[in-house]
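Inspection log for the structure reproduced underneath, given as structure tokens.
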Amino acid sequence: MAVLTVVAVQLLGIFVSNGKCLQQTDKGETETLSVVVDSNAHRQTDIIQILEPPKVITNSQRLQISYHCSKNKVFGIEVISNTETQKKVRLFHKAWKCSKTEETNKKLTLFTRFPRKYAFQPDFIQKNCEFLSETKIRVWILDEWQWETARRQHDAFLRAFVKASYVVQYPSPFSRPRRNFEDSCVSWRTLILLNISQRMIPKCPHEKESVEIIQFPAVMTGLSYGILRTFQSYKDPGLETKRLSMLQRPRITLSVWLYVLEYCQRDLCSIIVRMNRTATYLTPMIFLTKDGRFHVQISQSQGQDLAALTNFHVPLHQWFRFVFTLDNQMWAFTFNYGPKFNTTFETSFRIPGSVYMDDTVGFLVVGGMEGRPAFRGYVGQATYFRNKIVSPSQILFPDPLHPMFELQLSRREDKCLAFLQWTIERLQVRKLIRQQETLKRSSFSYFANIYQQTRKDSGTTCTYLDTPVPKTYRILDSILSHYQNIDEIDKKRIGTQLFAVLTSKIDSDVTRIRKIFPALKQSSCLGDNDAMYMVAVILNNGFLVKADEMQALAYLMMAALDNHRLSFLAIGNKHKNGLDTVPKDLDQAYMYFKYVADTTREDLEKHKETDVLTESVRLTDDVNLREQTDEDGDVFHWWMHQAKRGVLAAQQHVARMLFWGSQGLKRNIQAAVEYYKMGIESKDPVAMYDYGILMMRGQGMKKNVSEGLSHIRRSAEQKNPAALNALGWYAMNMDRNYSMAASYFEESYRYGNPDAANHLGFLHLHGYYPNKSADPDLALQYFSYAAARNQFDAGISLAYLHHKGTSRTNRSIEVAVEWARFIAEKNPHLGIVLRSALQAYRHGDNFLAILYYMMAAEAGIEVGTFNLAWLCEENKDGTTSFINKDCQWRNYDLATHREPQFVDSYAFIKMGDYHWFGCEGRRDVYRSAEFYALAASKGDPQGIFNLAYLFEEGVDISPQIWRKLGIPRQFQASKSKILHELYTRCRDSPRTEAYIPCTVALYRVVLTGIWQKYQSSIKISGFIVVLSLTIYSIYILRSYFWHRHTTNLSIGEL
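Each residue of the sequence shown is one higher than the one before, counting from 1 in our numbering.
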């Protein structure tokens, strides 16, 4: 009866008022205890407990069990724990028999003994270690008839009615004691290795379970571009095993900050999704809908997708945070929004069926992707917690000085709205003024005239119509006088007109920027992207105004929202190099570069007279500068004269200069067509091809596909590779004849045509090549060949494949970024800025040239950065004093961040000087040697001379530098031979100004070598020569004096 009562009390979890509960000790936490129902009847009751249970249990732990058996029974103890994979292990267990006794209780003392892998630290013999958690000491009492079954099935504790459990802590692997091998038979070699391993300080690999996937605000334009992230398997075996065990029951947390400008204009706009290389959706997927709700999609283990909508509409034009958790079959959202983010909304959904998620497969994409546009707005910050659920209350809000708050997006929008309201009101005023002027010109009755005069005389203050316009608004007001009303289209047109007026004022006198800077901001508010970009450049560099990097970035982001090419390049450049408080993030940089790269060909093929070819003209290159011309230049007129005389090369050159707008000319496609016609008359295959392409497109003439194709065929008959490629393109896209297309492409490719290589890559990538399946890696080889020869589409495909990787080629974000940027920098929008800068320099306005080169340098183009640094170094008229930021060294340094083949050797030499002389207190002779070596590798005699000088001064030069410079291995052991080789190269360079100093240095090295080699012989020979000359001189002098003395005696005798 007593036992039944104990069981009932334990199952109900309550205590009878006259009973006593065994008290919990200070050291261990008791989970389940036996209960005495009647203190007078304790002899009929089974009792078991651990006296003073420990807080932390270790090997050889002393434990004392207190027990009482009402009859013959079995009692026992066990220590269990959980591994990292949630697998239960039994560290220790033991059982004893007990008989009915009259004593109150008995005591048993024992010492635990754990398995070696859990008892001791890892060492040379036992290398694996495991973390244990949820460790418990459990004691129990069973009837003898139950014990046999419980022993076989290892479930004695579960079967027992009288039992107790204590939660204790188990030491981490390196907090456990070391094994003692003194009494063991271990070889001397093993003992040494054990001692070494025990002295080593173990270090776990740095692996994050919480990953900042977005650290700095990113612009989402509503297009199919996003930021891609990948996650690797854990290196730590315990973490990796735990991750693999959770694939069928995922536990993740996402914390994301958004600033949404408008709800999705399509069915769904991507916020965060997971996908693989074949663009298949993976868990989880979060989209924004047309009505501002979140569409959440989860992939189930069976391969089916399940979607649900939240019942919360996200706020517009303000920052808000959402925390998304996926805990096995349950996902939940917590939204924080409002002025201080203290308004909260929560929602959740249970998924029927199991969920599968492996975050090491595929990619996590923030924003858009192929076939799915992103939302329009900003992502301020995003954190991904792997394999764990984190409560929203535990995720702290970012610091108030976080860049997403420093951008002050809401404040800027409010100010622009207030300005636009003034613009609308001013248009109304203008309208009323025009009405008044119309009334004045009309005939009035006598009484109307008297009434108007009375109103005029009675006014003691100026009317609303007579309110003066503020100074900063006068330029805009003059433009508004031509408009009747304003709408979205007119607003942008007004901004463009205002910027055109301001640009003309800047071109005439760049120092006016101080006065007209507020008007530039007005043009920005009116939606002119070029004005936003100029304001950003001026603010970022502090050009005639106070520098403000964060506000400059805000203007760049505003322009990028409207797909402004230069702003995209500028933000991408900052992320590429980690400039101006922007962290280095190649995945974010790729998103910006990729958009501009994708639009470059389209922008080039859209014929605009204002567009020009992006050309890299360095201000230090006098030859290239002399080749720059314009429509009235002597160089252009000479080319035209040669073309009209029938010189084919001149006809081709003039036609392409006019078509692309190169060498200082404006694009003039109609004039270009005339010169192509001249080539056709001469049956020039290149001219026939170019003319045929223009005719098929209808550029500069009436579109005629059949006639254009006939010109291309005649060119192909002369084996023109470009024409053969064009025929292949027509067969592929128009006739859908992939066999014929491949044949043309292969023939053109054999002649080295890069366009044909790109098309062959396209066929292999998509599996269109006859009798062959899709092969991205083979396509990658064709794209690499074509891209290296300036084929735009191949460069874009190459960037895309390296960005995602293929089955045999690992993902390389570095290569992807470089190719995307390389193509993006060919965009004609950048060419216009470079042309403006070059024209200002040629006209002698260095200050204006600095502004335009500053705009090019902001976009990251190397020639703009180099020319800006050179102009700042020249510093004519002290122009750099009007720029807040360092202009010279900063830009020379940025110019050297590109691939060496794109960098001018002069920039390498300047940075070598910077580190050698310790400008700004940063002397680094080894870094200086590296820069001089880079200049030397490009054949620059100054770089070779400086590197040799450093070597003579005793600077230790890395053998790797000598290998890169091609110094023969047999020379590298001799300092004199290396110097002889360097100064010989310096002397033999094409630069004539280097001949004399390099020759003198070479002779010095040769003479020094002779001296060092024959020093003793030279000294002895010199001593002998000097001694001989001395003796000879003494002999001559003596002879002379003797002869004179004799002569004097003879004269005396006479």
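Think of the CB as a built atom: it goes at the ideal place given N, C-alpha and C, for glycine as much as any other residue. Model, not experiment: these values are computed from the prediction.
With contact defined as three or more Cβ pairs closer than 8 Å, the stretch 857–875 and the stretch 883–892 are in contact.
Its Cα nearest to that of D621, the residue S905 stands out among Y738, T896, S905. In this structure, L254 sits near T325, with a CB-CB distance shorter than 9 Å.
Secondary structure within the stretch 951–1031: not one fully enclosed beta strand (DSSP E) run of 3 or more consecutive residues is present. Excluding residues up to 5 positions away in sequence, R376, G377 lie with their Cβ nearer than 6 Å to the Cβ of L261 in the same chain.
Looking at the DSSP output, I252 shares a beta bridge with L326. Bridge pairing for E262: R376 [DSSP].
Rounded to whole angstroms, E930 and A570 show a C-alpha spacing of 28 Å. Here the stretch 257–275 does not lie against the stretch 235–243, with fewer than 3 beta-carbon pairs under 8 Å apart. Beyond the five residues adjoining it in sequence on each side, S224 comes within less than 8 Å, by CB distance, of G368, M369, E370, G371, R372, P373, A374 in the same chain, given in chain order.
For H295, no alpha helix (DSSP H) segment is defined; the enclosing uninterrupted segment is the beta strand (DSSP E) at 294–299. Taking C-beta separations shorter than 6 Å and ignoring five residues to either side along the sequence, the partners of A597 in its chain run I796, A820, I823, A824, following chain order.
Exclusion of the five residues before and after Y744 leaves L724, L727, G728 as the residues of its chain whose Cβ lies within less than 6 Å of its Cβ. Taking all protein chains shown into account, Y782 has 16 or more neighbouring C-beta atoms within 10 Å of its C-beta and is therefore buried.
Look at N336 here: in three-state DSSP terms it is strand. Annotation: V617 is outside any beta strand (DSSP E) and is labelled neither H nor E by DSSP. If you check the CB distance, G578 and Q588 do not come in under 9 Å. DSSP places M357 outside both helix and strand once states are collapsed to three, so it counts as coil. Inclusion of F543 and I832 in the CB contact set at 9 Å is not warranted, their separation being larger than that value. Going by DSSP, M220 is part of the beta strand (DSSP E) stretching over 218–221. Counting along the chain, K136 sits inside the beta strand (DSSP E) bounded by residues 133–143.
Apart from sequence neighbours up to five positions away, the residues of its chain that approach A779 with a beta-carbon distance below 6 Å are G761, H764, L765, ordered along the chain. Apart from the 5 residues on each side of it in sequence, I961 sits with its Cβ closer than 6 Å to the Cβ of A933 in its chain, given in chain order. The C-alpha of K1019 lies about 15 Å from the C-alpha of L1007. Under DSSP, A95 shares a beta bridge with G76.
With respect to the 9 Å criterion, S989 and G939 are classified as neighbours on the basis of their beta carbons.
Here Y751 carries a coil assignment [DSSP, helix/strand/coil]. By the Cβ test, the stretch 843–861 is in contact with the stretch 531–546, since at least three Cβ pairs between them sit closer than 8 Å.
Here the alpha carbons of L439 and G700 stand approximately 50 Å from one another.
DSSP, read as helix, strand or coil, puts E413 in helix. Cβ-Cβ distances below 6 Å link R277 to K804 in the same chain, with the five nearest sequence neighbours on each side left out; the list follows chain order. Excluding the 5 residues flanking it on each side, S807 has no same chain C-beta neighbour closer than 6 Å. Counted as a single uninterrupted DSSP element, the beta strand (DSSP E) harbouring V168 occupies residues 162–168. Contact annotation, T599 with K826: C-beta distance approximately 11 Å; criterion of less than 8 Å not satisfied. When DSSP assignments are scanned along the stretch 546–584, the uninterrupted stretches of alpha helix (DSSP H) that are 4 or more residues long and fall wholly within it turn out to be 549–561, 565–577.
When C-beta atoms of the stretch 328–336 are compared with those of the stretch 348–360, three or more pairs fall below 8 Å, so the two segments count as touching.
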